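Sequences listed follow chains A, B, C and D, in order. The opening position of the first sequence corresponds to residue 1214 in the working numbering, with each subsequent residue numbered one higher. The opening position of the second sequence corresponds to residue 1214 in the working numbering, with each subsequent residue numbered one higher. The opening position of the third sequence corresponds to residue 14 in the working numbering, with each subsequent residue numbered one higher. The opening position of the fourth sequence corresponds to residue 14 in the working numbering, with each subsequent residue numbered one higher. No residue lacks a Cβ here, since even glycine has one placed at the ideal position from N, Cα and C. Because the structure is a prediction, the values reported are computed rather than measured. The block underneath contains the structure these notes are about, expressed in structure tokens.
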Amino acid sequence: MDLLYFAWVREAVGTGHERIDLPDDVATITALLDWLAARDARYASAFADRTRLRAAIDQRFVGLDASLAGAREVAIFPPVTGG
Amino acid sequence: MDLLYFAWVREAVGTGHERIDLPDDVATITALLDWLAARDARYASAFADRTRLRAAIDQRFVGLDASLAGAREVAIFPPVTGG
Amino acid sequence: MIHVLVAPGPIDLAAELARIEALTAGAVASFSGSVRADDGVTLLELEHYPGATEAALAALAADAVARWQLQGAIIVHRVGPMRPGERIVLVATAAPHRAAALDACAYLIDRLKTDAPFWKRETRGKDKRWVDARDTDRAAAERWAIPAPDA
Amino acid sequence: MIHVLVAPGPIDLAAELARIEALTAGAVASFSGSVRADDGVTLLELEHYPGATEAALAALAADAVARWQLQGAIIVHRVGPMRPGERIVLVATAAPHRAAALDACAYLIDRLKTDAPFWKRETRGKDKRWVDARDTDRAAAERWAIPAPDA
Chain A
1214 MDLLYFAWVR EAVGTGHERI DLPDDVATIT ALLDWLAARD ARYASAFADR TRLRAAIDQR
1274 FVGLDASLAG AREVAIFPPV TGG
Chain B
1214 MDLLYFAWVR EAVGTGHERI DLPDDVATIT ALLDWLAARD ARYASAFADR TRLRAAIDQR
1274 FVGLDASLAG AREVAIFPPV TGG
Chain C
14 MIHVLVAPGP IDLAAELARI EALTAGAVAS FSGSVRADDG VTLLELEHYP GATEAALAAL
74 AADAVARWQL QGAIIVHRVG PMRPGERIVL VATAAPHRAA ALDACAYLID RLKTDAPFWK
134 RETRGKDKRW VDARDTDRAA AERWAIPAPD A
Chain D
14 MIHVLVAPGP IDLAAELARI EALTAGAVAS FSGSVRADDG VTLLELEHYP GATEAALAAL
74 AADAVARWQL QGAIIVHRVG PMRPGERIVL VATAAPHRAA ALDACAYLID RLKTDAPFWK
134 RETRGKDKRW VDARDTDRAA AERWAIPAPD A
């Protein structure tokens, strides 16, 4: 699965893109964030306040409770500030 | 006093501008329209339906009952259709 | 900055927008209207009341600048004969934030239709006809909660 | 007609407006936003989500075209570094009548701020800071009575 990070999330985790093999028991974006945070202190720090995070699965905005079933690309980022 | 006519009012009375000496007893725009209509059949026809007429005194929009006291320029025209 | 122009000849959209963008950073909203051909009109003629028209437009622009704290407002209106597809009118506003620019732009075009002395005559083939004022234009002007002059 | 462009480099306002005016007669409304310098910003950087951004803007434009029966909608958004005074975004709409063009233009810029994956970073002197999302932008998007995605 491809993971993408944008804006300060990208800076905090130290990369904009990585490829992972998703464990079978990680079923939602929240579970994915927990799994990544447990692996690395930088991720733990970046994902500490979940109210500051938004997500997309295969380029569609979703809530953090969304299922990862069938997902090929997951993006984690702050609330958007364009325009 | 200068009288100006615009759009179909101008075409109906046959001129866009004329200069008149206003009789002392003509005190409002309505009275002016009556006086002009009594003088000439074309004016009588143009001014027959007063609901189709608007007016300005010295380039400010006014109602037909407005006083002519001190007026130098009176304009008679249909409702506006710009933009 | 207030810029009002009533003149025959094409409206230069790029030049007018450059004028208002030059004086600000933030938000610029614009509206342009052009002659519709879809109802068979082959020529549109715009008559106006010289002097009174410019004064009415300048007063309208000044009103919008004060009401929305604009950095600038532009009103350009073409007069004389024009063809389908050609611009009749351009309104543009500048403000630090988007809501003021957008609202003021809508205000200016709504009020211009009821407050400024212009008259349209349409030609369709050999038929020439003065355009009637529309109740929907009065209603649009009145939603801004300032009574429109009865014209 | 829908035209969406996300790219570095200056936004050519005149060329984009010519594009939308060419396809219609009637009303064209536009909004452009540029970088404000009044709060000490010396550089603005726009990051986006390639692919997802264009898809979000195209969906938004298609939504506006359907909702207001537009003849066309344009959304152009600059990305990368830019200076105060330079344009960030341009939105333009075309319709036979003014109310549709004006309302759709306001809708597009309001929704773009909450629905498209862009992130701004401001530089003031040596200080770089990611811009926080604003509650007023969510409120502006929500007044259109379609729930905004939670992003």
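- Per DSSP, the beta-bridge partners of Arg142 (chain D) are D:Glu135.
- Counting along the chain, the unbroken beta strand (DSSP E) around Asp1215 (chain A) starts and ends at Asp1215 to Tyr1218.
- If you draw a straight line from the Cα of Thr1294 (chain B) to the Cα of Leu103 (chain D), it is about 31 Å long.
- About 18 Å separates the beta carbon of Ala154 (chain C) from that of Ala42 (chain C), a gap too long to meet the 8 Å contact definition.
- For Ile122 (chain C), the neighbours in chain D by C-beta distance under 7 Å run, in chain order, Arg111.
- Sequence-distant Cβ neighbours of Glu99 (chain C) in its own chain, meaning closer than 7 Å and more than five residues away, are Pro23, Ser47 and Val48.
- Exposed is the label assigned to Glu1231 (chain A), since fewer than 16 other Cβ atoms lie within 10 Å of its Cβ.
- In the structure shown, Val1222 (chain A) adopts helical secondary structure according to DSSP, grouped into three states.
- The bridge partners DSSP lists for Thr37 (chain D) come to none.
- Of the residues assessed, Arg137 (chain C) falls on the exposed side of the cut-off, its CB having fewer than 16 other CB atoms within 10 angstroms.
- Around the C-beta of Leu36 (chain D), fewer than 16 other C-beta atoms lie within 10 Å, and the residue is accordingly described as exposed.
- DSSP places Arg1232 (chain A) inside the beta strand (DSSP E), whose first and last residues are His1230 to Arg1232.
- In the structure shown, the three-state DSSP call for Glu67 (chain D) is helix.
- Contacts between Leu125 (chain C) and chain B, judged by CB atoms closer than 7 Å, involve Gly1295 and Gly1296 in chain order.
- Between Thr106 (chain C) and Ala119 (chain C), the gap from beta carbon to beta carbon reaches 7 Å or more.
- In the three-state reduction of the DSSP assignment, Val54 (chain D) falls in the coil class, being assigned neither a helical nor a strand state.
- Of all C-beta pairs linking the segment 127-145 of chain C to the segment 51-62 of chain C, three or more are shorter than 8 Å, placing the two stretches in contact.
- Inter-residue distance for Glu1286 (chain A) and Asp1278 (chain A) is about 16 Å (C-alpha atoms, whole angstroms).
- With respect to chain A, the C-beta atom of Phe44 (chain D) has no partner C-beta closer than 7 Å.
- Under the Cβ criterion (8 Å, minimum of three pairs), the segment 1239-1251 of chain A does not count as touching the segment 1218-1225 of chain B.
- No Cβ of chain A is located within less than 7 Å of the beta carbon of Gly53 (chain D).
- Residues of chain A whose Cβ lies closer than 8 Å to the Cβ of Val102 (chain D) are, in chain order, Gly1295 and Gly1296.
- Between Ala40 (chain C) and Ala108 (chain C), the C-beta spacing is below 7 Å.
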